[in-house]
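Numbering (our numbering), first residue to last: 43 to 304.
Working notes for the structure below.
Here you go:
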């Protein structure tokens, strides 16, 4: 399916794109941040559109105001009536006309608030509804599931685990999977060996980078374990140099410290 380039996106389309939303909402995701910074460097003419899209997402994420109590509603209506009676353009009017004007102001405010709610609801539906751009697959306690990724890499997802990834991968989107739990990965080789095209598996405390290889990642509350079957990967830890793992290596990562497994 054709997907137009980001350089042709409107602010509204950016605000509904999962990779862009993740950049705005998760500034600690170093890979996504680096990707968008590089993209903006190469597409400076899109800065204004991108900034508008960021504001749309941030505005939609703001919590709504709590509902007014009955006493607060009565007080508010009293203030509205007093204001209407003192307005120069309303005061000379007959009482029934002032009532019409008051209701007009009220319903105009209601319509504006309802329009904002519908806009935010539509954005959420487009982002997380049945046609969402991100796919999440989860397994139950007695289930193993095999998954084919958009680049023809494959995943064997073990029980009580989940993976999340973009449904369509293009040259503009990273080959990235977010894992919770345990999975085997068989990564399809990619002709482009640049850092931007590496296959990445993100877990809570680290990232595994691969080009064409087979490995297992097991994320647990107390540690994360990586088991190499073939090929090589880079193990990327926060604020540390990456560590190269090769076929047959097995390591355990606890609190940012890498330990070889016997």
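Backbone N, C-alpha and C fix where the C-beta goes; we use that ideal spot for every residue, glycine too.
- Residue pairing for residue 294: DSSP places it in a beta bridge opposite 267, 301.
- When secondary structure is reduced to three states using DSSP, residue 46 falls in the coil class, being assigned neither helix nor strand.
- Straight-line measurement puts the Cα of residue 63 at about 11 Å from the Cα of residue 54.
- The three-state secondary structure of residue 60, taken from DSSP, is helix.
- With 16 or more other Cβ atoms from the protein chains shown falling within 10 Å of its own Cβ, residue 61 counts as buried.
- According to the DSSP assignment, residue 207 belongs to no alpha helix (DSSP H) but to the beta strand (DSSP E) extending over 204-208.
- Put simply, the backbone Cα of residue 194 is about 22 Å away from that of residue 223.
- From the listed residues 211, 213, 189, the smallest Cα separation to residue 205 is found for 189.
- Cβ-Cβ distances below 6 Å link residue 302 to 293 in the same chain, with the five nearest sequence neighbours on each side left out; the list follows chain order.
- Counting the other CB atoms within 10 Å of its CB gives residue 234 a total below 16, which places it among the exposed residues.
- The three-state secondary structure of residue 240, taken from DSSP, is coil.
- In this structure, the alpha-carbon of residue 232 lies about 8 Å from that of residue 240.
- With fewer than 16 other CB atoms across the displayed protein chains lying within 10 angstroms of its CB, residue 297 is exposed.
- In this structure residue 199 is in contact with residue 187, their Cβ atoms being roughly 5 Å apart against a cut-off of 8 Å.
- In this chain, the beta strand (DSSP E) harbouring residue 220 covers 217-222.
- Bounds of the alpha helix (DSSP H) holding residue 83 are 72-84.
- For residue 251, the number of other beta carbons within 10 angstroms of its own is at least 16, and it is reported as buried.
- Annotated three-state conformation of residue 259 is strand, per DSSP.
- Within the same chain, 198, 258 come within 6 Å of residue 226 by CB-CB distance, once the 5 residues on both sides are set aside.
- In the structure shown, residue 283 falls within a coil segment according to DSSP collapsed to helix, strand and coil.
- One thing to note: residue 95 has its Cβ no nearer than 7 Å to the Cβ of residue 50.
- Around the beta carbon of residue 179, fewer than 16 other beta carbons sit within 10 angstroms, so the residue counts as exposed.
- Nearest to residue 177 by C-alpha distance, out of 300, 185, 59, is 59.
- Residue 287 is positioned such that its CB atom lies closer than 7 Å to that of residue 270.
- Assigned with DSSP and collapsed to three states, residue 229 falls in coil, not helix or strand.
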